[in-house]
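S.K.: With my numbering as the guide, the letters of the sequence shown map in order to residues 36 to 217.
Cβ atoms here follow ideal geometry from the backbone N, Cα and C, with glycine treated the same way.
Quick caveat: nothing in here was measured; it's all calculated off a predicted structure.
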Amino acid sequence: WIVIAAVCLVTAVLDGVQTYMQARIAGEAVSWRAVIWQASEWLILGALTPITYHLSRRFPLRRPRLAGNVFVHVCGALTLCLAWAGAGVAMRLVLGTSWQGVSLSRQLASWILISLPWSVFIYFAVLGCVHAFTYFLEARERETQAARLGAQLAEARLGALRMQLHPHFLFNSLNAVAVLVR
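#1: Taking DSSP as the reference, what is the three-state secondary structure of P152?
#2: Just mark T84 as buried or exposed, buried being the case when its beta carbon has 16 or more other beta carbons within 10 Å.
#3: With V137 as the anchor, note down where its alpha helix (DSSP H) starts and where it stops.
#4: Leaving out five residues before and five after A40 in sequence, what residues of the same chain have Cβ atoms less than 8 Å from its Cβ?
#5: Write down the C-beta distance between T54 and V70 rounded to the nearest angstrom, noting that I regard them as a contact closer than 8 Å.
#6: In the DSSP assignment, find the unbroken alpha helix (DSSP H) run with F106 in it and report its ends.
#7: Identify the continuous alpha helix (DSSP H) that holds E76 and give its terminal residues.
#8: Measuring alpha carbon to alpha carbon, tell me which residue in F171, C116, L172, Y170 is nearest F156.
#9: Below 8 Å CB to CB, which residues in the same chain sit around I6 once its five sequence neighbours on both sides are set aside?
#10: Compute the beta-carbon to beta-carbon distance between V279 and L96, rounded to the nearest angstrom, for a pair I have assumed lies under 8 Å.
#11: Which first and last residues belong to the alpha helix (DSSP H) in which L49 is found?
#12: Near G185, which residues of its chain fall below 8 Å by C-beta distance, leaving aside the five closest residues on each side in sequence?
#13: Tell me the DSSP secondary structure of L96 in three-state form.
#14: Helix, strand or coil: which one does DSSP assign to A211?
#15: Should Y158 be labelled buried (16 or more other beta-carbon atoms within 10 Å of its own) or exposed?
#16: Work out the CA separation of L101 and L143 for me, nearest whole Å.
#17: Determine whether the beta carbon atoms of V165 and Y88 lie at a separation below 7 Å.
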């Protein structure tokens, strides 16, 4: 969660600075509403990213239900797109930067079409990262278990070797005592 929040926060700050610098370089007045809008767009995405995380943990891309889970993730990506576009339109209304003379439904439809490719990309990028991290942890756990089994095997072999050596030394000791007694 901290990584997701940090990435979205850093991206929001960078996008806000970029908007500010573009206005300054163009010699235009800096619109703080535009700067806040650009930054808040990434914060909205960061707030929606737990949807992706939750769905990736609940519906992993693994064999017995791969097709069904892919369908769930496509629906999740579209849901993320709708939520991002809806929150973006709401933020524009709050900041007073919405398009004048355009109905709310047209603004929402426009933002859905604008954000669809990017939000689907972000969704599947986060999904891939979650699965990569999960597979990394599983591989690490398998390596640890293999190392434990290897250590147990070596201990068992050593124990078997000890059991073979102890009777041999006992026999030699008894044989030496028998020779000395004679």
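M.R.: So, from the listed chains and residues:
#1: Locating residue 152 in the sequence shown gives position 117, counting from the first residue. DSSP places P152 in helix when its eight states are reduced to three.
#2: For this step, residue 84 is matched to residue 49 along the sequence shown. Buried, since its Cβ has 16 or more Cβ neighbours within 10 Å.
#3: Position 102 of the sequence shown holds residue 137. The continuous stretches of alpha helix (DSSP H) do not include V137, and DSSP gives it neither H nor E.
#4: As a working note, residue 40 is residue 5 in the sequence shown. Within the same chain, A40 has close Cβ partners G81.
#5: Locating residue 54 in the sequence shown gives position 19, where the first residue counts as 1. Locating residue 70 in the sequence shown gives position 35, where the first residue counts as 1. About 5 Å separates the two Cβ atoms, so the contact holds.
#6: Taking the first residue of the sequence shown as 1, we reach residue 106 at position 71. Where F106 is concerned, the enclosing alpha helix (DSSP H) stretches over 101-130.
#7: The residue labelled residue 76 in the question sits at position 41 within the sequence shown. Note, E76: alpha helix (DSSP H), 67-93.
#8: Locating residue 156 in the sequence shown gives position 121, counting from the first residue. Ranked by how close their Cα comes to the Cα of F156, the residues F171, C116, L172, Y170 have C116 in first place.
#9: In the structure as shown, the chain begins at 36 and stops at 217. Residue 6 is therefore absent and cannot be evaluated.
#10: Nothing in the structure corresponds to residue 279, since the chain is present only between 36 and 217.
#11: To locate residue 49, count along the sequence shown from 1; it is residue 14. Taken as a continuous stretch (DSSP letters only), the alpha helix (DSSP H) holding L49 covers 37-60.
#12: By one-based count along the sequence shown, residue 185 stands at place 150. Taken in chain order, the list of residues that qualify is empty.
#13: What you label residue 96 is simply residue 61 of the sequence shown in a count that begins at 1. In this structure, L96 counts as coil in the three-state DSSP scheme.
#14: Counted from its first residue, the sequence shown places residue 211 at position 176. Reduced to three states, the DSSP call for A211 is helix.
#15: The residue you call residue 158 lines up with position 123 of the sequence shown. Label assigned to Y158: buried.
#16: Mapped onto the sequence shown, residue 143 falls at position 108. Mapped onto the sequence shown, residue 101 falls at position 66. It is roughly 32 Å from the alpha-carbon of L143 to the alpha-carbon of L101.
#17: Along the sequence shown, read from residue 1 onward, the residue named residue 165 stands at position 130. Along the sequence shown, read from residue 1 onward, the residue named residue 88 stands at position 53. Taking 7 Å as the cut-off, the beta carbon of V165 is found closer than this to the beta carbon of Y88.
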